[in-house]
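A.B. asks:
Protein chains: 2
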Amino acid sequence: MSAQIISGKDISADIRGELKDEVCRLTTETGVTPGLATVLVGADPASQMYVGMKNKAAGAMGINSQQITLDADTSQDELMGVVAGLNADADVHGILVQLPLPDHIDEGAIIEAIDPLKDVDGFHPMSVGRLATDSGDFFPPCTPAGVVEMLMRSGHDPSGKHVVVVGRSNIVGRPLASLLIRKAVGGNATVTVCHSRTPDLGAVTRTADILVVAMGRPEMITADLVSPGTVVIDVGTNRVDAPGTEKGYRVCGDVLYDEVAEIAAAISPVPGGVGPMTITMLLSNTVKSARLAAAR
Amino acid sequence: MSAQIISGKDISADIRGELKDEVCRLTTETGVTPGLATVLVGADPASQMYVGMKNKAAGAMGINSQQITLDADTSQDELMGVVAGLNADADVHGILVQLPLPDHIDEGAIIEAIDPLKDVDGFHPMSVGRLATDSGDFFPPCTPAGVVEMLMRSGHDPSGKHVVVVGRSNIVGRPLASLLIRKAVGGNATVTVCHSRTPDLGAVTRTADILVVAMGRPEMITADLVSPGTVVIDVGTNRVDAPGTEKGYRVCGDVLYDEVAEIAAAISPVPGGVGPMTITMLLSNTVKSARLAAAR
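Residue numbers (the numbering used here), protein chains in the order written: chain A, 714 to 1009; chain B, 714 to 1009.
(1) Given isoleucine 992 of chain A, which residues of its chain have a CB within under 7 Å of its CB, disregarding the five upstream and five downstream residues?
(2) Starting from alanine 726 of chain B and walking both ways along the alpha helix (DSSP H), at which residues does that stretch end?
(3) Counting C-beta neighbours from all protein chains within 10 Å, is the total for glycine 721 of chain A 16 or more, i.e. buried, or is it exposed?
(4) Our contact map puts valine 983 of chain A next to aspartate 947 of chain A with C-beta atoms below 8 Å; I'd like the distance itself, whole angstroms only.
(5) Can you tell which of B:Arg1009, B:Ala1008, B:Lys1001 has its C-alpha closest to the C-alpha of isoleucine 808 of chain B?
(6) Could you tell me whether any Cβ in chain A is nearer than 8 Å to the Cβ of glycine 929 of chain B?
(7) Closer than 8 Å, CB to CB, is glycine 842 of chain A near chain D or not?
(8) According to DSSP, is leucine 864 of chain A part of a helix, a strand, or is it coil?
(9) Is the shortest distance between the beta-carbon of methionine 839 of chain B and the beta-carbons of chain A less than 8 Å?
(10) Can you look up isoleucine 884 of chain A in the DSSP assignment and give me helix, strand or coil?
(11) Hey, does valine 904 of chain B have any beta-carbon neighbour from chain A nearer than 8 Å?
(12) Going by beta carbon distance, what residues of the same chain come within less than 7 Å of threonine 856 of chain B, once the five residues before and after it are set aside?
(13) Measuring CB to CB, does isoleucine 776 of chain A end up less than 8 Å from leucine 753 of chain A?
(14) Are the Cβ atoms of isoleucine 827 of chain A and valine 796 of chain A separated by less than 8 Å?
(15) By alpha-carbon positions, which one of B:Gly755, B:Ser788, B:Asp786 ends up nearest to glutamine 780 of chain B?
(16) Of all Cβ atoms in chain A, is any one closer than 8 Å to the Cβ of cysteine 907 of chain B?
(17) Starting from the N-terminal side, write out each stretch of the alpha helix (DSSP H) that is 4 residues or longer and does not extend beyond the region 807-875 of chain A.
(18) Indicate whether at least one CB of chain A lies closer than 8 Å to the CB of arginine 881 of chain B.
(19) Measure the C-alpha to C-alpha separation of histidine 837 of chain B and glycine 915 of chain A and round it to an integer number of angstroms.
(20) Measuring straight from C-alpha to C-alpha, what distance separates glycine 744 of chain B and methionine 793 of chain B?
(21) Any idea what DSSP makes of arginine 930 of chain B, helix, strand or coil?
(22) Note down the Cα distance separating arginine 881 of chain A from cysteine 907 of chain A, rounded to an integer number of angstroms.
(23) For the alpha helix (DSSP H) containing threonine 991 of chain B, name the first residue and the last one.
(24) Between proline 989 of chain B and chain A, is the shortest Cβ-Cβ distance under 8 Å, so that the two count as touching?
(25) Report the neighbours of alanine 845 of chain B on chain A: residues whose CB is nearer than 9 Å to its CB, in chain order.
(26) DSSP three-state call for alanine 979 of chain B: helix, strand or coil?
(27) If we count the other Cβ atoms within 10 Å of its Cβ and call it buried at 16 or more, is aspartate 816 of chain A buried or exposed?
(28) Could you tell me whether the Cβ atoms of isoleucine 923 of chain B and lysine 874 of chain B are closer together than 8 Å?
(29) Measuring only from the beta carbon, is valine 973 of chain B closer than 7 Å to any heavy atom that is part of the ligand COA?
(30) Would you mind stating whether methionine 774 of chain A and leucine 814 of chain A have Cβ atoms separated by less than 8 Å?
(31) Listing by chain order, which chain A residues have their CB less than 9 Å from the CB of arginine 1011 of chain B?
(32) Compute the beta-carbon to beta-carbon distance between arginine 930 of chain B and aspartate 967 of chain B, rounded to the nearest angstrom, for a pair I have assumed lies under 8 Å.
(33) Residues of chain B with a CB under 7 Å from the CB of threonine 918 of chain A: which are they?
(34) Who are the neighbours of arginine 910 of chain A on chain B, taking C-beta pairs under 7 Å?
(35) If the cut is a Cβ gap below 8 Å, which residues of chain B does glycine 849 of chain A touch?
(36) Would tyrosine 970 of chain B be called buried (16 or more neighbouring beta carbons within 10 Å of its own) or exposed?
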């Protein structure tokens, strides 16, 4: 049996094509060009890379993007000032402060300083609360929104299905559960959230129609934890040692792919699965924000 | 076999006793007496009764309570003005606007106008978002907080247990799931949320260690939907016709009590179960708000 491969890379390319068209229409019809501002504090190589990828992807679809790079010793007040400036800038529709921030900065306070109308990362408590209560316009966090898009576009509408989410982080597990429970397109699932304190993980994961894994533990989901015919989305991206290879490491997910792909109905690979979707949903949120601004 | 009865009435009395002591200590030691302001718009008899009960219960434990009663034709702006006044009043630690509001009022806008630091009902998106991300101080919505207290105080800590929540309302099901998933005392449960779109409810409810029902459907949970030994909390309060009785109706829960009590390990009755807990947790939130204010 061979599982359907749910390629985040391909789905991502489709969505980016659609977004590019929408950016073009928005600009032509309303005069509003979506604008994304990214803020990077310090010189962490991984953060530099992520921010660079986000700006490049934004630029490629006609979004105006600007990167603000600040020294690692930037003070809380200075950073608050930068955020306030972007809040007030009508050309900026999305503000992304790259996390993690240096230890001397109160990360929560910075996130709460972002105007919820520009919170395209979806981490502001107002965004989380609006998502959790389905009230008003909100930007869903990018990774969970990407997981839902992957399911919908690969023919696995979660409505009426039992979705088991492994992991309860604020970035993936908990907001994903909120999205899937909603009385809305992409929602209406029966949702179970399990985590490190779940005594018998397999007893739960084997009951899933759709299994989403976001624990950050390399290849923890082995075939014995998955029932045949399950749809599996792997959110993990882990580096594990691979002695003898050129890089000395390899990238893998939270699912033992080769084994689980033998029995799953469908599975997302790592890399090329959820990864590319996260930036795509950031762009999608930015375009949505510009659309809402143009209508105000 | 006879199930343990989880009496919300008794647990509520215990908590109110503790709160009364805390109000006394707070007043004596910090000079801060907790203050609760309730706002009632219009003359709906049920709303009048609820608000009256809340103020009476607050007064009984030494909380300063004031009720503001406004005409049914009060405008949005007038109501916003009242809320702004209460936000600015240092003697008011909790603001409760009784829902539902008349149709011409934008309920969401009024809730969002309440200072989240005084949102003792826990319905402001900031409160919901803080609960869902476990960030900062927040007030959990009263009914779900009451359910968790009932479990903890009756010896059924949800940690490590599989809790099935039936119902996905913003008032009970969804915030209860948030509370139970938290990495905190009263949390650490594996949580499943099911609802009207769950195709085979019994297949899910029978897997529960703890079953919480909040659907608002009289006696929908029959014994065949419950495994022997389950702990059952019934959030429903329904009026059903009872011809030939003095009142012409009787009050029942979402659980067919007599049948389920035969096989459950523990069960909360209706009335006398979750009902009394809701007001108690409102008082608890008000005292917490005063405690936080005294420490600022």
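Every residue, glycine too, gets a C-beta built ideally from N, C-alpha and C.
C.D. replies: So, from the data block:
(1) Met766, Lys767, Ala770
(2) 721-743
(3) Buried is the call here.
(4) 5 Å
(5) B:Lys1001
(6) No, no contact with chain A.
(7) In the structure shown, chain D does not exist; the protein chains are A and B.
(8) helix
(9) The beta carbon of methionine 839 of chain B sits closer than 8 Å to some beta carbon of chain A.
(10) coil
(11) Cβ-Cβ to chain A under 8 Å: yes for valine 904 of chain B.
(12) Ile884, Val885, Val948, Val987, Thr991
(13) No; because the gap between Cβ atoms is not below 8 Å, this pair is not in contact.
(14) yes
(15) Comparing Cα-Cα distances from glutamine 780 of chain B to each of B:Gly755, B:Ser788, B:Asp786, the minimum goes to B:Gly755.
(16) yes
(17) 820-826, 838-846, 855-866
(18) yes
(19) C-alpha separation (whole angstroms): 37 Å.
(20) 29 Å
(21) Per DSSP, reduced to three states, the secondary structure at arginine 930 of chain B is coil, with no helix or strand assignment.
(22) 7 Å
(23) 987-1008
(24) Cβ-Cβ to chain A under 8 Å: no for proline 989 of chain B.
(25) Chain A residues near alanine 845 of chain B: Pro838, Val841, Gly842, Leu844, Ala845, Asn883, Arg887, Pro888, Ser891.
(26) strand
(27) exposed
(28) Taking C-beta atoms as the reference points, isoleucine 923 of chain B and lysine 874 of chain B count as a pair closer than 8 Å.
(29) For the ligand COA, the structure offers nothing, since it holds no ligand at all.
(30) no
(31) No answer is possible for residue 1011 of chain B: the residues shown for chain B start at 714 and end at 1009.
(32) 6 Å
(33) Within 7 Å Cβ-Cβ: nothing; threonine 918 of chain A doesn't reach chain B, min ~11 Å.
(34) Ser872, Gly873, Asn901
(35) Gly821, Pro838
(36) By the neighbour-count rule (16 or more Cβ atoms within 10 Å), tyrosine 970 of chain B is buried.
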